[in-house]
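Number of protein chains: 4
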Amino acid sequence: MSDQKLKRGFASDNNSGVHPAVMEEIMRVNHGHTVGYGSDPFTARAVKLLRKELGEDSEVSFVFTGTAANVLGLAGVTRSWNSVITASSAHIEEDECGAPEKFTGCKVLTVDTPDGKLRPDLLRRHMHGFGFEHHSQPAVISISQSTEMGTVYSVNEIRELAAFAHDNSMLLHMDGARLANAAVSLGLPFRAFTTDAGVDVLSFGGTKNGMMYGEAVCFLKPGLAEGFKYLRKQGMQLASKMRFIAAQYIAYLNNELWKECASHSNMMALELEKRIRMIKGVTITQKVESNGIFLIMPEDVADRLSREYFFYPWNEELSEYRLMTSWDTASDDIIQFADRLSVMMSEHR
Amino acid sequence: MSDQKLKRGFASDNNSGVHPAVMEEIMRVNHGHTVGYGSDPFTARAVKLLRKELGEDSEVSFVFTGTAANVLGLAGVTRSWNSVITASSAHIEEDECGAPEKFTGCKVLTVDTPDGKLRPDLLRRHMHGFGFEHHSQPAVISISQSTEMGTVYSVNEIRELAAFAHDNSMLLHMDGARLANAAVSLGLPFRAFTTDAGVDVLSFGGTKNGMMYGEAVCFLKPGLAEGFKYLRKQGMQLASKMRFIAAQYIAYLNNELWKECASHSNMMALELEKRIRMIKGVTITQKVESNGIFLIMPEDVADRLSREYFFYPWNEELSEYRLMTSWDTASDDIIQFADRLSVMMSEHR
Amino acid sequence: MSDQKLKRGFASDNNSGVHPAVMEEIMRVNHGHTVGYGSDPFTARAVKLLRKELGEDSEVSFVFTGTAANVLGLAGVTRSWNSVITASSAHIEEDECGAPEKFTGCKVLTVDTPDGKLRPDLLRRHMHGFGFEHHSQPAVISISQSTEMGTVYSVNEIRELAAFAHDNSMLLHMDGARLANAAVSLGLPFRAFTTDAGVDVLSFGGTKNGMMYGEAVCFLKPGLAEGFKYLRKQGMQLASKMRFIAAQYIAYLNNELWKECASHSNMMALELEKRIRMIKGVTITQKVESNGIFLIMPEDVADRLSREYFFYPWNEELSEYRLMTSWDTASDDIIQFADRLSVMMSEHR
Amino acid sequence: MSDQKLKRGFASDNNSGVHPAVMEEIMRVNHGHTVGYGSDPFTARAVKLLRKELGEDSEVSFVFTGTAANVLGLAGVTRSWNSVITASSAHIEEDECGAPEKFTGCKVLTVDTPDGKLRPDLLRRHMHGFGFEHHSQPAVISISQSTEMGTVYSVNEIRELAAFAHDNSMLLHMDGARLANAAVSLGLPFRAFTTDAGVDVLSFGGTKNGMMYGEAVCFLKPGLAEGFKYLRKQGMQLASKMRFIAAQYIAYLNNELWKECASHSNMMALELEKRIRMIKGVTITQKVESNGIFLIMPEDVADRLSREYFFYPWNEELSEYRLMTSWDTASDDIIQFADRLSVMMSEHR
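Residue numbers (our numbering), protein chains in the order written: chain A, 1 to 349; chain B, 350 to 698; chain C, 699 to 1047; chain D, 1048 to 1396.
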């Protein structure tokens, strides 16, 4: 596939561009001088909007990337001798090139999970060595909502994990790079499955759902992350012209743009699922609960298809692939993609 | 001063907004899907433009902030047991909250300098302990161009520092957060006082000169920074929607927008200098060679003035203050500011 | 159990003291002045003796602890964006409180293994993401010889792992905290199952086998770990009075003291195994190939027994315990311990 | 000079061996088994003895080296965004290969001082940027007692620094690698110029005064360094056979061995000073208050002399050299050294 064509594919929800409403707000704040580094009125407004979603006690700080939001959020509530427990498939384990370890000094412990979701019983293997100085001290359980497998935790599942964490004097961290997709999937406001469900630290993302750049590190309870402002600066994540991140969040939260985008994206995923399920020889391997579809198809079909559409292999041994829909995926994209896959499958046999 | 007014002040060149031409290019690239993380054609084009400025051998990578560009550029060419030598007033020493030490593990050694500029004879005090395992091994000399004091290194001064560094098996790093202002001040293309003058690693900034966010780490000679792509990701500086940083550099380098902005900014500084020099009781403490003016004025005058204009104290003991002009500073801003200062000074006596 | 009694137990081979021959050599080097930090003739001699064992190309550096030997050995051959793959039960994963992550910045990836030993097929799940900047780059496979489970790799098993590592452009690291026990178990000189079997980096320990303190980081091939002397100093592991570590290695390697001690220790383990196997209701869970015995016994028996002998639980869920013999374990200790266990078991029913 | 000769020189107080009383105690604890990692009765006793010296509230932990004691002591009371302020000549700045920066992430800020001693007025240049997130937050003032220049702080000088630190919400750290020499010089018990003078964190050394290895990190006030036991393990400084470090401290503190050794060493320094002052053409540059003598002599004389005695250049530009006496320096060593220097000086003219 040629990059130049800029055809909408299913590689990642960050291959899409910026939603017009976000762009408009960026332009709106672009006049005159304003104080740098987040002391401006736009940032104050964006923080206020996030607090409205997450609770008045939440402390919100903007950073540039999802990796940064995760790493700095974790750094804020750990010391170097701690460990963070997560799923083997978690972004902080698989896709951040060791940034959590490098910056926090902590050990990242993993458990295998078939659907990307953690459950207390899976975590027990790491619940030992507390107080024993030879052993990294477990301090945080980190989950992704929605998960890297496109699945979504229910409120009860999150509550259960939060209780489990707190019972062990640990905190619950949520990687919310695709938080809006989860909210739409659950049909709940953000707060219901974050703050109110016991989550302590949240990465609240938007780049995968129509924003340009910028994520929010949210400490959902008072007293967490003393000194976080220094951590952000030392972590090279303090934006000088912060108003332009703030503008994006203002656009994203105003008029529920996040919901509009994520609803569309999730709906496209369901439509794509429906069409793929009708194609013989292709297997969908995960519940489609947000905007990701995981499927097994013959390797040579995948190769052929990938010359027309950009998408990623997930598990090469199983010939499993990932498709992501986005806020701008069109019904036609879905139809055409499914058609091509269908044709290739029939030619394959 | 109320933030809300958004009056143009002299606090920092990053209090200004984004140049319309930059904004336009951002909008231009915002259509359709493109590969994330810098494998897109826009990034390729921006890199090509930077290579044209800096030499075909230069390796260019985009990051988010000036601090990140400095830290990752230094990390690319050091091991943790090295030291980096710089001016006491350097950004990497004073204004990055220890990010260089935290991320690289290196020691940052400083020398005092009256004008923000290093000279070989100032550096000699740190030229010892080579090969001695008890001592951090000096590996990099880091200079800012233009400096934090608004001064500008001549080509010869840079050449001399590069030769000194290379003679000691060290590298020369340049923090170019205000590189364009230096280029305009020297009347030279970038290459003449970077690559061709012996600089090895460069932070090529634009945010302080009309861009929104994004800086470029440039290794100017082949073979430096093996593995830098991993370092950038681990450093939490890999943008998913990289095309929007690329777009800014395309706008910045096309039609010499950088020159237009920096010329204006430097000219405004000279005009401001001229007017301030006419005010009795106020002393300008540094040569005005780029877009910064340093002045000593009575503390109570500064207090009064700062209720109308936002600017920073530089040295509180000396009652020294810093004024920065920007690409959007208007002549009227200058005139009004100088008038207010003049009035306050006369009332002061 | 009262600490004060100093009864020989089975808690760890580091609960024993220092072998008299080691103590004697320490006293022998204690006269007059000698250069500090390892430039002394005793250190030169100790290094020579180690090179005789491991090959003339090996580079040997002394540090204080086994954790330090592992961490600095790994740091010498990695960059922060790398990963190290090891067994879930490995010391670097379970017992170093995150020291590898903190100091190297690397990710430590694990695989479960029933006997503490890695095999290529177990490692495959981590053999992906090479060249992909989002993913920590696998650089080292780390094995323990003998393992934390008391098992011992055969030469062929090591060769196979080395070949697998090298085929993937990775290195093979060996944690040899109990290297002598493995050598005795295999009936081979050190070199046969380290350097000659393809191991690249070795922690050569002695503290668990009659020494007082001090371990050796050994790079077994030329060109590894450039700058290691700085790494050791920065890692806080450079001994000023190095001659006293050197003396211990001289004693340890002269007259094959290591073999005498490890042979005894291993033999005691076999004797203990034999006696325990005769006790009904107690299960030995691992092959006894060095000086560790793993057994399952009823929890209340273990509690009772631990009031008389100090030893560690291994897996509390399984009621599995670890017993370690040492260079100074006496036959009587074995007999009495087995007797007590036997009595308690019979009373348990 | 040949290393092999083991002639007593003046290179460093760590070129000497171990005092017989220390060796004897090491042998005394070497029987039977005892719990590892510091839970043994010998360690308890050594800690008790140190608490007797420093106050019952002090928390004492043993590590291996002076560098480790400094770095971990500082790590215990800082977060990565802090800075530590010290003298340019301090061990943590000059002689630890960046270990403080690497492990703590903190910035080390320095001030020049003619005699190795800090004073509040020297520190003021770094007393800024509090609360400003761009700037490393000053958290600790670190002094050496006695200093690297052989000078000794008076109790009042320490009090003044402690007050200054505490007034700025900072702590006072003391590198006591040569603490005994200072105590003897002041004629005071340790407590008088540490705990009682306001010091918060102390590295209490003994290796330079007759011990073999091992230093003590002492937090002198309750509540400092929560989690330090994890920090020590993660810092690779937890000794398995801790009883052998403990034994040394027991010997060192019992019967005031520290005083005997340091008194002798200091006295030898004074004798050496007296004799050197009588030699024309040689200048002593620092007050001789502990066991170091700094002198300027012609470079060729120094070269000749260094073929007979091992000692270090201090400032090559000034042709300044350092001589250190030790607990085992003999009067004859002094006489012979001074004679040789005298002869060489006369031949020099």
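Quick reminder that beta carbons are idealized off the backbone N, C-alpha and C, glycines included. Fair warning: this is a prediction, and the values are worked out from it, not measured in the lab.
I'd like the list of long-range same chain contacts for residue i, defined as Cβ closer than 8 Å, with 5 residues on each side in sequence excluded.
i      : result
A:L49  : Y249, I250, L253 and N254
B:L520 : V426, A488, V489, I490, A514, D549, V550 and L573
C:A890 : V853 and L884
B:Y670 : F643, L644, I645, M646, A651, F660, Y661, P662 and W663
Report the residue from the options whose alpha carbon sits nearest the alpha carbon of residue i.
i       : options                               : result
D:A1309 : D:R1396, D:G1282, D:L1219 and D:R1225 : D:R1225
C:H826  : C:L884, C:A785 and C:L807             : C:L807
A:H134  : C:T763, C:S883 and C:P718             : C:T763
C:R1002 : C:E1045, C:E987, C:N989 and C:S988    : C:E1045
A:D13   : B:D444, B:D649, B:P369 and B:G381     : B:G381
C:L772  : C:F917, C:V720, C:N866 and C:E754     : C:F917
C:N1013 : C:D998, C:W1025 and C:L993            : C:L993
C:S988  : C:A945, C:Y851, C:R822 and C:A1036    : C:Y851
C:S1040 : C:L1016, C:T1023 and C:I977           : C:I977
D:E1355 : D:V1335, D:M1391 and D:R1324          : D:M1391
C:G912  : D:N1215, D:K1280, D:S1287 and D:R1279 : D:S1287
A:A21   : A:C106, A:S169, A:A247 and A:Q336     : A:A247
A:R232  : B:S552, B:A417, B:G385 and B:V384     : B:A417
Can you give me the C-alpha to C-alpha distance between residue i and residue j, rounded to a whole angstrom?
i       : j       : result
B:G576  : B:V426  : 10 Å
C:S1029 : C:M909  : 21 Å
D:G1145 : A:A99   : 22 Å
A:G281  : C:G848  : 48 Å
D:G1339 : A:G38   : 53 Å
D:N1129 : C:D894  : 48 Å
B:S655  : C:V782  : 55 Å
B:P571  : B:E405  : 10 Å
B:D444  : D:V1065 : 47 Å
D:D1222 : B:Y579  : 38 Å
D:R1387 : B:R474  : 32 Å
C:V769  : D:K1149 : 14 Å
D:N1215 : D:L1170 : 11 Å
Looking only at its chain, what residues have a beta carbon closer than 7 Å to the beta carbon of residue i, apart from the 5 residues adjacent to it on each side?
i      : result
A:F190 : E53, L54, L179 and A183
A:I334 : M268, E271, L272 and R275
A:T86  : I92, E93, V108, T110 and S142
A:G51  : Strictly speaking, residue 51 of chain A in this sequence is Arg, with Gly absent from that position. S58 and V60, listed in sequence order.
B:Q486 : W430, N431, S432 and F479
Using C-beta distances below 6 Å, list every residue in its chain close to residue i, excluding the 5 sequence neighbours before and after it, in chain order.
i      : result
C:D701 : Because the pLDDT at C:D701 is just 43, under 50, the model does not fix this residue reliably, and the value given afterwards should be weighed accordingly. Correct list: empty, nothing qualifies.
B:M646 : V631
Taking the continuous beta strand (DSSP E) assigned at residue i, which residues delimit it?
i       : result
D:M1221 : L1218 to G1223
C:Y1010 : Y1010 to N1013
B:L644  : G641 to I645
C:A914  : E913 to F917
How far does the alpha helix (DSSP H) with residue i in it extend, from its first residue to its last?
i       : result
D:M1394 : It should be noted that the sequence gives Glu, not Met, for residue 1394 of chain D. Note, D:E1394: alpha helix (DSSP H), S1378 to H1395.
D:G1120 : G1113 to G1123
D:V1231 : L1226 to L1233
B:F479  : From DSSP, B:F479 is part of no alpha helix (DSSP H); its letter is neither H nor E.
C:D1002 : The amino acid at residue 1002 of chain C is misidentified as Asp; the sequence shows Arg. Per DSSP, C:R1002 belongs to the alpha helix (DSSP H) from E997 to L1003.
For the structure I just gave you, are there three or more beta carbon pairs, one from the stretch 1080 to 1095 of chain D and one from the stretch 407 to 423 of chain B, closer than 8 Å?
The stretch 1080 to 1095 of chain D, when compared against the stretch 407 to 423 of chain B, does not touch it at the 8 Å Cβ threshold.
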